[in-house]
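Step one of this worksheet: look at the structure below.
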Amino acid sequence: DTGVSQNPRHKITKRGQNVTFRCDPISEHNRLYWYRQTLGQGPEFLTYFQNEAQLEKSRLLSDRFSAERPKGSFSTLEIQRTEQGDSAMYLCASSLVGISGANVLTFGAGSRLTVL
Amino acid sequence: AQTVTQSQPEMSVQEAETVTLSCTYDTSESNYYLFWYKQPPSRQMILVIRQEAYKQQNATENRFSVNFQKAAKSFSLKISDSQLGDTAMYFCASPFGNEKLTFGTGTRLTIIP
Numbered sequence: 001d002t003g004v005s006q007n008p009r010h011k012i013t014k015r016g017q018n019v020t021f022r023c024d025p026i027s028e029h030n031r032l033y034w035y036r037q038t039l040g041q042g043p044e045f046l047t048y049f050q051n052e053a054q055l056e057k058s059r060l061l062s063d064r065f066s067a068e069r070p071k072g073s074f075s076t077l078e079i080q081r082t083e084q085g086d087s088a089m090y091l092c093a094s095s096l097v098g099i100s101g102a103n104v105l106t107f108g109a110g111s112r113l114t115v116l
Numbered sequence: 001a002q003t004v005t006q007s008q009p010e011m012s013v014q015e016a017e018t019v020t021l022s023c024t025y026d027t028s029e030s031n032y033y034l035f036w037y038k039q040p041p042s043r044q045m046i047l048v049i050r051q052e053a054y055k056q057q058n059a060t061e062n063r064f065s066v067n068f069q070k071a072a073k074s075f076s077l078k079i080s081d082s083q084l085g086d087t088a089m090y091f092c093a094s095p096f097g098n099e100k101l102t103f104g105t106g107t108r109l110t111i112i113p
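As you go down the protein sequences, you meet chains A and B in turn.
Residue 43 in this note's numbering is what sits at position 43 of the first sequence, and the numbering runs on without skipping anything.
Residue 63 in this note's numbering is what sits at position 63 of the second sequence, and the numbering runs on without skipping anything.
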């Protein structure tokens, strides 16, 4: 098991361009989360999936953001018409949620977005 | 609103010493988990320790232990015999009965050789 994998690790783009990030979770995990982290802050929740169903979206996730998890495996996070304020680290995490017990998230290394 | 507050933006300690990182939170939930995560420079976030709120016994993982005061809504992390590899950002977090973690703003810990 290689853990949670995120690609690309770093993306530099010009304002107005579209970008897409990919997350490959731990294979047996049924939950997948996206968080955004800006410099000096803790991660902020964006959205999460249970298998292929997107169950919750944060108000931070504007109409320019879309996330998918086809077939309940990998996930993509697309940002359209990027703005400089979108510059951040985008973290993906996965977990295996059962009947009881702690929902422990395993994080990927993140995808850093720089919008010029 | 459910919040997590870490009031120490930065801390530093000499190698081999003990350091305590503070975390307070606010929730109306009666049972929940609390976590400390560690984020080393340019590396992924990893779980350090967890505590279930209904358990009175404080959690311990090797050199890491917590002081959980439920009534005071306090959840501090103690690192004993600190090592250079402990240098990282430390985040306190909880889902508070929801499905998503709420994080504090973090404490940057530097271990001085």
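Here a beta-carbon is modelled for each residue, glycine too, at the ideal position from N, C-alpha and C.
For Leu108(A) and Met45(B), what's the separation of their Cα atoms in angstroms? What sits at residue 108(A) in the sequence shown is Gly, not Leu. So the two alpha carbons sit approximately 7 Å from each other.
Collapsed DSSP secondary structure at Asp81(B) in the structure displayed: coil
Using a Cβ distance threshold of 8 Å, determine whether the region 23-31 of chain A contacts the region 76-95 of chain A, with at least three qualifying pairs required. yes
So the candidates are Phe96(B), Phe103(B) and Ile79(B); which of them puts its Cα closest to the Cα of Thr110(B)? Ile79(B)
Pick out whichever of Thr18(B), Ser82(B) and Phe75(B) has its Cα sitting closest to the Cα of Phe103(B). Phe75(B)
Phe64(B): first and last residue of the uninterrupted beta strand (DSSP E) it sits in: Phe64 to Gln69
Just mark Tyr54(B) as buried or exposed, buried being the case when its beta carbon has 16 or more other beta carbons within 10 Å. exposed
I need the DSSP call for Lys71(A), collapsed to helix, strand or coil. helix
Determine, using beta carbons only, whether Phe75(B) comes closer than 8 Å to chain A. no
If we call anything under 8 Å between Cβ atoms a contact, is Val66(B) one with Ala72(B)? no
Three-way DSSP call (helix, strand, coil) for Asp63(A) in this model: coil
Beta-carbon separation (whole angstroms), Glu78(A) vs Ser62(A), contact threshold 8 Å: About 12 Å; that fails the 8 Å criterion.
Short of 8 Å Cβ to Cβ, which residues in the region 37-56 of chain A face chain B? Gly40, Gln41, Gly42, Pro43, Glu44, Phe45, Tyr48, Leu55 and Glu56
Rounded C-alpha distance that separates Thr107(B) from Ala88(B): 8 Å
Rounded C-alpha distance that separates Asn51(A) from Ile49(B): 26 Å
Among Glu99(B), Gly85(B), Asn31(B) and Phe35(B), the one whose alpha carbon lies nearest that of Pro41(B): Gly85(B)
Taking DSSP as the reference, what is the three-state secondary structure of Gln41(A)? coil
Inspect the CB distances between the region 25-32 of chain B and the region 34-51 of chain A and report whether three or more fall short of 8 Å. no
Kindly say whether Pro40(B), judged by its beta-carbon, lies nearer than 8 Å to any beta-carbon of chain A. no
Identify whether Gln84(A) lies in helix, strand or coil by the three-state DSSP scheme. helix
Give the C-beta separation of Tyr37(B) and Phe96(B) to the nearest angstrom, bearing in mind that I take them to be a contact with Cβ-Cβ under 8 Å. Incorrect: roughly 16 Å between the Cβ atoms, too far for contact.
What separation, rounded to the nearest whole angstrom, lies between the Cα atoms of Arg36(A) and Ser94(B)? 16 Å
Against chain A, with Cβ distances strictly below 8 Å, would Tyr33(B) count as a contact? yes
Look at Thr82(A) and Gln6(A) and say whether their C-beta atoms are less than 8 Å apart. no
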